[in-house]
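Numbering (this note's numbering), first residue to last: 2 to 1102.
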């Protein structure tokens, strides 16, 4: 394979691109794109004589740039099959003598840094044809009367016909067994040199200084703060930036998209950035930023010869208009934005009715209404596939994991009905005698209704007399519609005393607030802030729908090296403090007066919260304990005989002498070694044992961390993680920039719906069983998922494996049963049922998969893998599994076609782009600025995310704010996550569920800057803003309403960061432009697609 040749992915010169009128792609609906000047070319005027016109394949819609359902998305690199639906067309200039687009881009002075792929080669990618189709560079002057640029680069005489052209290029198909040499250092496909077989290659032109070519990447300088900004303490703007790659799941009305821009680069609208030629007004290096200088290009790689390839002339020997653009057109490869938009348009208007077995729901990014008619809503359960293979052999062959992402207490939109609560009195819910499954719509009543046959294990059980009802002529009970458990997919049962610990009903739960009062916490203003907030927040504790006040009791502890307990009994005039200094043997010094009702003790609590900041104002104590704090909370709940939650506010590594004492073991030198996994593991087993005790008592821990240095999140996070709690992290906490985010998180955390002392079991019908579980919980056996607390944001991911054959007729059933204590102390069972289809044909499996859920599962699987395997092994396994999934489809389901085509299943066409985002995430590929704590934090966070959250976390949402319609409620159309989609005259918003970036281009109109930031020029915009100023103008109101809307869709309050183009924070922002090559060595989307194609071909050969 020759690396410096163009992937021949377009039709031969002169053939029209379907749906492209003179290079200006109409928007969907025929109107031209707003804000994009019409191309300078006239309409395309017919094919070049001598070239056959291919007929567009059936089902291909030119305006979409992609085949409709059923037709394969193909990445064609084979000249012999010229179907128009390939990925990566390189369009030639038109045959008429129209001028090339003149963007007037002057070449910057001085050499520019080069990327690892000199001259934009498709590295390790789809090898290319020998005859690249060129396009003139944007700045090429047009000379009147000059002939159009020849397109096929000719070596010797030009091929006279299509046949000769094919022969001329026969050696260039992608299938070549010649592979490429090891990638340059730092190129990360997660595959080291070993997985690229050695190769010979065409001679490569040496790296040359000089301006980049239109198809070339200018390497960015090493990034600062890639994604969670932690080290070294940044200026206030960046304090404690939350991490994360992307995820596109949202619930709000989502944006339509920019149609792909065909043809020439989008320079017409002043776009800038990676993969583009020089732009006007850009100096060689960014002025005023010394560290952004332009290092010389990397040394040329060793020359490689490939007997099949025709050497191309050195680039500097070509006339200017013939410098080839070695690159697949990003507009021709599957676009997440387009897929999301199509799903919204096709499925957003109708309610999703759950009555039919095995229906694939709309995407998580589509706003839709659910009508429960017998299967659980996709808000509660989403599956990787809704049609599962009948046999284990077929499942192994496809490699598609069979998994369900379950969110048992998910919040529903107001227009959907909450699960009904069914009370069967003292006898409790009706269950199967053998497998103990709960009564559900799939149970079969027989013998006139006197018995029922279990749909899970086929056992026949007597119907209890009080539950008997006659059947109608179809065999259904006549009270079918009156009973939620017979007609709905999700419902609740009131549990009897048999379902309670020690056979007695539980007491209402308690909340204990435990505040670090060491020097750092007091000095930063944190202690005062927490105390002020709690005064009002305690009025908003969760309560059952119709209750006047919350049944939850509260208690307070402060700590540094010792613990202070407070008696806030309502009869006291002043709170009393009791100090426990023997932290090695923790006990609670008071029973009566520690846990109290908020309303009864209101004045004493208010007095305490006023006094705490004053009491510790002059503290000099810098050391803290941690494990004894959890032990104290646990003992208090044990003494009160109730479940509950500890809210711990903690600032530093617990180095004081006490149980659970930790040492600083942060060592970046372990990254990319076999010992890297130890960074994710707890440094002591003490906390695992403590977590086990907490789960047994129903003591859930939520941890709020405010670190200024290494804190060992991997160890401190063990108890929150195994008890079903949450971790929130605010690195370099600063009152003025971070308090709003912290207070919003705290309010939501205290108020949200939560179940205590929870146990979940998933039952399946014969043929499959639950074998593996991912999430924040504890398991003492192989079937029961135990959680001290389970809130409305947490998911449990369950993987299924075959243990027998399934039948297409009966399908497969899942029943998730969650036993929990409500916030009022009521013991309940929540049941979710789902029926899936089964198939004997692989094509049916691939037609019913859900890529977003698949990525959610794969990310969790990989993030657990780093605990026991080197990160490189985990990355390679991910790539290999996805290559096997796609190779199996290609081999068994796709219609025969040239090996040079990459064919993706319609519902999995985004698998490569999303998988690449997972591989580039900070857990699997950290940049130099990502701390060990950030990685451990992200790893735990993602493990209990739902599908919508991982979707926007791994593939962030990017909105052009300047295109927003100030008069409508809708969001502007999202655009793809690539720097080349940005225009320096616009303002963009990027969100990933943890951060919101507002990126401001250098050429934004002054009026817009004034309207949004209240300052008169670009240079006056402050990087320190953590909220947008409230200004009375339509643009400011619109942007703030968009931000509020996005914040409302996420489970955590996102940190707002203003990024000015060419500013040092821009490197952090670019980390989230996930379709581009990352500075840590992650591949661009185009390169990764080429790499996946190569892996698939190796598997097929």
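Where a beta carbon is used, it is the ideal one built from N, C-alpha and C, also for glycine. What you are looking at is a predicted structure, and each value in this text was computed from that prediction instead of being measured.
Query raised in the report: Given that a residue counts as buried once 16 or more other Cβ atoms are within 10 Å of its Cβ, and exposed if not, what is residue 466?
Result: Residue 466 comes out exposed.
Report task. Would you check if the segment 853 to 871 and the segment 935 to 946 touch, i.e. whether three or more CB-CB distances between them fall below 8 Å? Result -> By the Cβ criterion, the segment 935 to 946 is in contact with the segment 853 to 871, since at least three pairs of Cβ atoms, one from each stretch, lie closer than 8 Å.
Query - Simplified DSSP assignment, three categories, for residue 591 - result: Residue 591: coil per DSSP, three-state reduction.
Query raised in the report: Okay, do the segment 436 to 454 and the segment 885 to 892 touch, 3+ Cβ pairs below 8 Å being the bar?
Result: The segment 436 to 454 vs the segment 885 to 892: no contact.
Query raised in the report: Which value, in whole angstroms, describes the spacing of the CA atoms of residue 364 and residue 542?
Result: Approximately 33 Å, taken between the alpha carbons.
Query raised in the report: How is residue 71 classed by DSSP in three states: helix, strand or coil?
Result: The predicted position of residue 71 is uncertain, since its pLDDT is 41 and thus under 50; a value taken from the coordinates is nonetheless stated next. In the structure shown, residue 71 sits in coil (DSSP, three-state: anything other than H, G, I, E or B).
Query raised in the report: Assuming residue 1075 contacts residue 883 under a Cβ cut-off of 8 Å, what Cβ separation, rounded to an integer in Å, is found between them?
Result: Actually they are not in contact, since the Cβ atoms of residue 1075 and residue 883 sit about 16 Å apart, beyond 8 Å.
**Report entry** Contacting residues, own chain, Cβ-Cβ under 8 Å from residue 501 (five flanking each side not counted)
**Finding:** For residue 501, the CB contacts under 8 Å within the same chain, skipping 5 residues up- and downstream, are 507 and 828 in chain order.
Requested in this report: Drop a sphere of 10 angstroms on the beta-carbon of residue 524, count the other beta-carbons inside from all chains shown, and report buried for 16 or more, exposed for fewer.
Outcome: It counts as exposed.
Report task. Under 8 Å Cβ to Cβ from residue 695, same chain only, skipping five residues before and after it: list those, please. Result -> Counting only Cβ-Cβ distances below 8 Å, and skipping sequence neighbours, we find 631, 635, 701, 702, 720, 723, 724 and 789.
Query raised in the report: Quick one: what does DSSP say residue 941 is sitting in, helix, strand or coil?
Result: Helix, per DSSP.
**Report entry** Complete runs of the beta strand (DSSP E) confined to the segment 772 to 826 [at least 3 residues]
**Finding:** Taken in chain order, the complete beta strand (DSSP E) segments of 3 residues or longer contained in the segment 772 to 826 are 786 to 792, 797 to 803 and 813 to 822.
Query raised in the report: Where does residue 644 fall in DSSP's three states?
Result: In the three-state DSSP reduction, residue 644 falls in the coil class, being neither helix nor strand.
Query raised in the report: Is the beta carbon of residue 835 sitting closer than 7 Å to the one on residue 820?
Result: No, they are not a contact pair.
Report task. Let me know if residue 510 comes out buried or exposed under the rule of 16 or more other beta-carbons within 10 Å of its beta-carbon. Result -> Burial of residue 510 is indicated by the presence of at least 16 other C-beta atoms within 10 angstroms of its C-beta.
Report task. Using the Cα positions of residue 649 and residue 373, report the straight-line distance between them to the nearest angstrom. Result -> CA-to-CA, the gap between residue 649 and residue 373 works out to about 39 Å.
Query raised in the report: Would you report the Cα separation of residue 915 and residue 1042, rounded to the nearest angstrom?
Result: Roughly 29 Å between the two C-alpha positions.
Query raised in the report: Can the beta-carbon of residue 663 be found less than 7 Å from the beta-carbon of residue 716?
Result: Cβ atoms of residue 663 and residue 716: closer than 7 Å.
Query raised in the report: So the beta strand (DSSP E) residue 756 belongs to, where does it begin and stop?
Result: From DSSP, the beta strand (DSSP E) with residue 756 extends over 755 to 765.
Query raised in the report: Can you round the beta-carbon distance between residue 607 and residue 661 to whole angstroms, since I take them to be within the 8 Å contact cut?
Result: Taking a contact as a CB-CB distance under 8 Å, the pair residue 607 and residue 661 does not count as one, their CB atoms being some 33 Å apart.
Requested in this report: Name the two residues that bound the continuous beta strand (DSSP E) containing residue 902.
Outcome: Per DSSP, the continuous beta strand (DSSP E) segment holding residue 902 begins and ends at 902 to 905.
Query raised in the report: Can you name the residues that DSSP bridges to residue 445?
Result: The partner list for residue 445 (beta bridge, DSSP) reads 454.
Query raised in the report: If we call anything under 7 Å between Cβ atoms a contact, is residue 399 one with residue 903?
Result: No, they are not a contact pair.
Query raised in the report: For residue 362, which residues from the same chain have a beta carbon less than 6 Å from its beta carbon, with the 5 sequence-adjacent residues on both sides left out?
Result: Taken in chain order, the residues that qualify are 353 and 379.
Query - Option nearest residue 670 by Cα separation, candidates 1077, 406, 929 and 1005 - result: Of the residues 1077, 406, 929 and 1005, the one whose Cα lies closest to the Cα of residue 670 is 929.
Query raised in the report: Taking residue 1020 as the reference, which of 1004, 925 and 698 has the closest Cα?
Result: Of the candidates 1004, 925 and 698, the one whose C-alpha sits nearest the C-alpha of residue 1020 is 1004.
Query raised in the report: Once you ignore the five residues that flank residue 736 on each side, which residues in its own chain have a CB closer than 6 Å to its CB?
Result: Non-local beta-carbon contacts of residue 736 in its own chain, meaning distances under 6 Å to residues more than five positions away in sequence, involve 526 in chain order.
Report task. Taking the CB atoms as reference points, tell me whether residue 762 and residue 784 lie closer together than 7 Å. Result -> Taking a C-beta distance under 7 Å as the contact criterion, residue 762 and residue 784 qualify as a contact pair.
Query raised in the report: Under a three-way DSSP split, which group does residue 517 fall into?
Result: Residue state, collapsed to three classes: strand.
Query raised in the report: What are the boundary residues of the alpha helix (DSSP H) that residue 1008 is part of?
Result: Going by DSSP, residue 1008 is part of the alpha helix (DSSP H) stretching over 1007 to 1014.
**Report entry** Supposed close pair residue 647, residue 536 - CB separation, criterion 8 Å
**Finding:** At roughly 20 Å, the Cβ-Cβ gap does not stay under 8 Å, so residue 647 and residue 536 are not in contact.
Query raised in the report: If you compare alpha carbons, which of 473, 469 and 446 is closest to residue 460?
Result: Comparing Cα positions, the closest option is 446.
Requested in this report: Give every residue of the same chain whose Cβ lies closer than 6 Å to the Cβ of residue 708, excluding the five residues on either side of it in the sequence, and list them in chain order.
Outcome: Spatial neighbours of residue 708 in its own chain (CB-CB distance under 6 Å, excluding positions within 5 residues in sequence) are listed in chain order as 732.
Query raised in the report: Roughly how many whole angstroms lie between the Cα atoms of residue 578 and residue 679?
Result: Distance between the alpha carbons of residue 578 and residue 679 is about 41 Å.
Query raised in the report: Out of curiosity, what's the CA-to-CA distance linking residue 335 and residue 612?
Result: Cα to Cα, residue 335 sits roughly 60 Å from residue 612.
Query raised in the report: For the beta strand (DSSP E) that residue 404 lies in, which residues bound it at each end?
Result: That run of the beta strand (DSSP E) goes 404 to 407.
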